[in-house]
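Undergrad:
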Amino acid sequence: MKVIVFIISFLFLNDLTSQNVRYKIKNLSLNTKDSEIAPTFYKNNTLVFARPITNNSNKRLKFFNLFKTDETNLLYSNSTKKVTPFSNEINTLFHESNAVFSKDYNTIYFTKTNAKKRRPGKKDSEGSIVLKIYTANYINGKWKNIRELPFNSDNYSIGHPALSNDGKKLFFTSNMPGTHGESDLFVVDILDNNKYSTPKNLGRQINSSKKEMFPFIDENNNLYFSSNNNNEDLDIYCSKFKDGRYEKPHRLESPINSNADDFGFIKKRNQNKGYFSSNRYGGKGGDDIYYFAQNNFTSRSKPSSD
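When we follow this note's numbering, the leftmost residue of the sequence shown carries the number 16, and every step to the right adds one.
#1: Thinking LEU108 and THR126 are a contact (beta carbons under 8 Å), I'd like their distance in whole angstroms, please.
#2: For SER242, which three-state DSSP category applies?
#3: Distance, Cα to Cα, ALA177 vs SER242?
#4: At the level of alpha carbons, what is the spacing between ILE105 and PRO67?
#5: Beta-carbon within less than 6 Å of SER320's beta-carbon, same chain only, minus the 5 sequence neighbours each way: which residues are those?
#6: For GLY297, tell me which candidate among ASN287, GLN309, ALA308 and SER273 has the shortest Cα-Cα distance.
#7: Nearest-angstrom Cα distance between LYS39 and ILE281?
#8: Going by the DSSP bridge assignment, what does LYS228 pair with across the sheet?
#9: Can you find a CB in chain C that lies within less than 8 Å of the CB of LYS157?
#10: So, is GLY279 buried or exposed, given that buried needs 16 or more other C-beta atoms within 10 angstroms?
#11: For the beta strand (DSSP E) that contains GLN342, what are its first and last residues?
#12: Helix, strand or coil for ARG260 per DSSP?
#13: Rounded to the nearest angstrom, what separates GLY228 and ASP302 at their Cα positions?
#14: So, at 6 Å on beta carbons, what are the nonlocal neighbours of SER212 in its own chain, with the 5 sequence-adjacent residues on each side left out?
#15: State the Cα-Cα distance for the pair THR32 and ASN42, rounded to the nearest angstrom.
#16: I'd like the list of long-range same chain contacts for VAL98, defined as Cβ closer than 6 Å, with 5 residues on each side in sequence excluded.
#17: I'd like to know whether the C-beta atoms of ASN222 and GLY259 end up nearer to each other than 8 Å.
#18: Could you pull out every residue in the same chain whose Cβ sits closer than 6 Å to the Cβ of ASN167, ignoring the five residues on either side in sequence?
#19: Cutting at 8 Å between CB atoms, please list the residues of its own chain near TYR120, excluding the five before and the five after it.
#20: Would you call THR47 buried or exposed, if buried means 16 or more other Cβ atoms sit within 10 Å of its Cβ?
#21: For the candidate residues LEU89, ASP233 and ASN209, whose alpha-carbon lies nearest to that of THR122?
#22: Under three-state DSSP, which class holds GLU163?
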């Protein structure tokens, strides 16, 4: 979020930013002095991601829009790949980020906000911006039927959508009632006619007393997400899906995780490579998108503890 052509399997290995026996990572050429986050796979070797709006007049709030670029040769430091807005139908003057697509790429789910929506009872001067998940359909070359999901609320946030391998379940982040910590991961069944089941908390096996965010589901329905349960920074975890349930999550190893925030992990289908975002030392901006590749992809470090 089909097989992306990278004729660089061996060519770029000596130019990687960081290496160890298991992982190799690379800061992407699309990164700027600002922030690039939320990578997701799209059709025709396209990577969709979010970066701040340059003409945002509200200096107190950083709104993001969705952008796209061709993945081919994206890893080369001298690459000048063109970055363009993803869609004039989807992007607005407010915030659009964290998208995911159905397997046929005809349906999009994305995180959106409206600056006029504030959570009741917030005391600070800026208020609290409420996130919502929207969906749209690609029809005759345009994104149409843009609508919010029925379980959104003006009283709490819902965002960071992710789809199960069969496309029948939608995972997301929320601080809705029933949340164990600051934000939890939830799931709903996708039904017909824009209907969804009641949101279900993934439980204390996954969610802690702190933040769980940015879910991603791989081809085996394993769950990847970020949490600050073990320290103040976000780390990337994996929970294996086995016998119909999610096992205790494990923190991914360095250099995927660092001593900074690491989040927005995605993995190519049936391949041990993908992308994530981080604000680690040595980046180009606030948050950068990194490419990773590894052999025998596993997560061996100690389990998360609440």
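Where a beta carbon is used, it is the ideal one built from N, C-alpha and C, also for glycine.
Keep in mind the model is a prediction, meaning the values are calculated, not measured.
TA: This is what the structure gives:
#1: Their Cβ separation, rounded to whole angstroms, is 16 Å, which puts LEU108 and THR126 out of contact at 8 Å.
#2: strand
#3: 16 Å
#4: 15 Å
#5: Annotation note: pLDDT 49 at SER320 (below 50); position unreliable, no value reported.
#6: SER273
#7: 15 Å
#8: Residue identity check: residue 228 is Met in the sequence provided, not Lys. Answer is SER241, bridged to MET228.
#9: No chain C appears in this structure, which consists of one protein chain only.
#10: buried
#11: Nothing in the structure corresponds to residue 342, since the chain is present only between 16 and 321.
#12: strand
#13: The question names Gly, but residue 228 is Met in the sequence shown. So the alpha carbons of these two residues sit roughly 16 Å apart.
#14: VAL203 and ASP204
#15: Because THR32 sits at a pLDDT of 45, beneath the cut-off of 50, its placement in the model cannot be relied upon, and the following sentence gives the value as read from the coordinates. Their Cα atoms are separated by approximately 7 Å.
#16: LEU45, PHE82 and THR84
#17: no
#18: LYS147 and ILE173
#19: TYR57, LYS58 and TYR153
#20: exposed
#21: ASN209
#22: strand
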